[in-house]
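See structure below.
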Amino acid sequence: MLKLLPNIVDKNADVPVYLIHFVTSQCNAKCPHCFIWGEGDPRFSGDALTLEQIQAMTKSMGRRLYNVCLTGGETFLRHDIEQICEAYLDNTGAQMIQLFTSGWFEDRAFKTIESLSRRYPSRNFAMVISIDDLHEGHNEYRRLKNGFEKALRTYERVRDLRRPNVNLDIGLTVSHANQERLDQIYDYLVKERGYRTLSCTLVRGVPLDPEQKNVDLENYKRFAERIDNGVKNGELDCFKGFAGADLLNAKSILMRELIPKTVTEGYQSPCYAGRLIGVVYANGDVYPCEILEKPIGNLKDHGMSLKDLWASAKAKEIRDWIWDTKCHCTHECFQTVNVLFNPKYYPKLLWEYAKIKLTLGDRRAPARP
0 MLKLLPNIVD KNADVPVYLI HFVTSQCNAK CPHCFIWGEG DPRFSGDALT
50 LEQIQAMTKS MGRRLYNVCL TGGETFLRHD IEQICEAYLD NTGAQMIQLF
100 TSGWFEDRAF KTIESLSRRY PSRNFAMVIS IDDLHEGHNE YRRLKNGFEK
150 ALRTYERVRD LRRPNVNLDI GLTVSHANQE RLDQIYDYLV KERGYRTLSC
200 TLVRGVPLDP EQKNVDLENY KRFAERIDNG VKNGELDCFK GFAGADLLNA
250 KSILMRELIP KTVTEGYQSP CYAGRLIGVV YANGDVYPCE ILEKPIGNLK
300 DHGMSLKDLW ASAKAKEIRD WIWDTKCHCT HECFQTVNVL FNPKYYPKLL
350 WEYAKIKLTL GDRRAPARP
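Printed below as a string of structure tokens:
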């Protein structure tokens with residue numbers, strides 16, 4: 000964490016400290032809230048970067064990257080996903096690797112996280128498994144036969160590793176389709192199955208089915224508050240097992256307060272997209288964030304050097320535009336960076352952190368076997 004301190008003062012970094020990498024645009028599901036299916040969207044066209052190209056990119060980055068989110072599409076459609084993780088771990092010194100998945104590819108997901116967590120014991124790994132509904136509701140929504148059962152099995156197999164450097168999360172996207180059943184989903188996963196990790200996001204971007212963005216914000220707020228209360232009373236662990244874990248839990252509580260405010264009130268604070276956080280798409284396109292249609296350029300046109308692209312005149316132009324126009328959105332990854340690197344939020348952040356510590360101490364219940 001110490002290497003991030005300079006970025007709290009100076010919000011400009013020669014490479015992102017937080018990177019979202021779409022390792023593939025392919026997916027075996029077709030979720031109505033997903034935005035990768037947009038016709039003619041240049042971000043999701045073209046061939047994905049090869050492992051060799053990803054290795055070259057990571058070698059260009061130096062050692063400033065802290066967190067990388069590997070997503071898609073379905074991340075585990077790539078048979079070389081473990082080698083992609085190794086490229087980040089070996090070449091950038093990343094401290095946290097997050098892998099987003101539907102949980103469909105049970106064996107590959109389990110073997111990847113087991114191998115990485117064993118071979119890199121000083122690094123942290125998080126697997127985020129998406130669940131949108133219960134049983135056949137989930138399967139029909141994602142168009143994946145037995146998808147719900149596979150997701151639960153993947154979660155439980157990884158949980159049962161009981162590795163201190165492995166974190167799990169059930170990631171639920173609050174959409175028009177599931178907004179009336181959020182409590183039932185929580186009760187089944189947490190009360191009945193004994194799962195101790197759960198987070199929520201709000202539909203964003205231009206989804207395959209635009210109706211999915213028609214969400215009653217009160218439903219989202221109630222669900223977010225229930226998750227927050229679960230963290231505070233020890234029903235949920237969420238992040239655990241590494242230094243600063245409860246600080247991230249406190250951040251999530253604060254972030255979930257900011258998202259409805261952003262929807263109803265607009266701009267809350269500066270966004271560090273294009274400065275401390277950025278996006279690499281599968282085809283090598285680099286953007287400041289997932290929402291803006293403002294490409295910085297393509298890695299293949301810059302010798303696979305993310306550092307060169309990040310320092311380009313185009314990147315500076317977009318950074319200035321984001322800052323000057325007070326660009327804002329509800330994207331949780333960007334809200335994470337905006338909270339953690341903005342001292343404006345530190346009093347509230349420390350207050351939530353203290354409440355978690357004072358309430359729980361070391362009294363978190365053990366995970367159900």
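Numbering (numbering that gives the first Met the number 0) for the sequence shown: 0 to 368. Glycine included, every Cβ here is placed at the ideal spot set by N, Cα and C.
Query: The stretch 316–329 touching the stretch 266–282, judged by at least three CB pairs closer than 8 Å; Result: yes
Query: Secondary structure of Phe104, DSSP reduced to three states; Result: coil
Query: Rounded straight-line distance, which links the Cα of Arg62 to that of Met95; Result: 13 Å
Query: Stretch pair the stretch 231–250 + the stretch 205–217: three plus CB contacts closer than 8 Å; Result: no
Query: Separation of Glu179 from Glu191, as counted between CA atoms; Result: 19 Å
Query: Arg367 in three-state terms, based on DSSP; Result: Confidence in Arg367 is poor, its pLDDT being 40 and thus under 50, which makes the residue's placement too unreliable to answer from.
Query: Top-ranked residue by Cα proximity to Thr261, from Gly302, Val279, Leu298, Leu216; Result: Leu216
Query: Boundaries of the beta strand (DSSP E) in which Tyr219 is found, first to last residue; Result: Here Tyr219 belongs to no beta strand (DSSP E); instead the alpha helix (DSSP H) covers 216–231.
Query: Three-state secondary structure assigned by DSSP to Leu207; Result: coil
Query: Alpha helix (DSSP H) runs wholly inside the stretch 287–319, at least 4 long, in chain order; Result: 305–309
Query: Contact under 9 Å by Cβ, Ile112 with Ile169; Result: no
Query: Rounded C-alpha distance that separates Tyr352 from Asn66; Result: 21 Å
Query: Per-residue DSSP class, three states only, for Asn341; Result: coil
Query: Contact belief for Gly146 with Ser101 at Cβ below 8 Å, rounded distance in angstroms; Result: 6 Å
Query: Nearest-angstrom Cβ-Cβ length linking Arg152 and Glu105, presumed shorter than 8 Å; Result: 6 Å
Query: Three-state secondary structure assigned by DSSP to Arg362; Result: No answer about Arg362 holds up, because its pLDDT of 45 lies below 50 and its placement is not dependable.
Query: Presumed contact (8 Å Cβ cut-off) between Val205 and Phe75, rounded CB distance; Result: With 8 Å as the limit, Val205 and Phe75 do not qualify as a contact, their Cβ atoms being about 25 Å apart.
Query: Proximity of Leu181 and Asn138 at Cβ, strictly below 9 Å; Result: no
Query: Where Thr23 falls, given that 16 or more other Cβ within 10 Å makes a residue buried; Result: buried
Query: Simplified DSSP state of Ile276, which is helix, strand or coil; Result: strand
Query: CB of Phe333 within 9 Å of CB of Ile276, strictly; Result: yes
Query: Cβ pair Val338, Leu348 closer than 9 Å; Result: yes
Query: CA-to-CA distance, Asp284 to Met303, given in whole angstroms; Result: 11 Å
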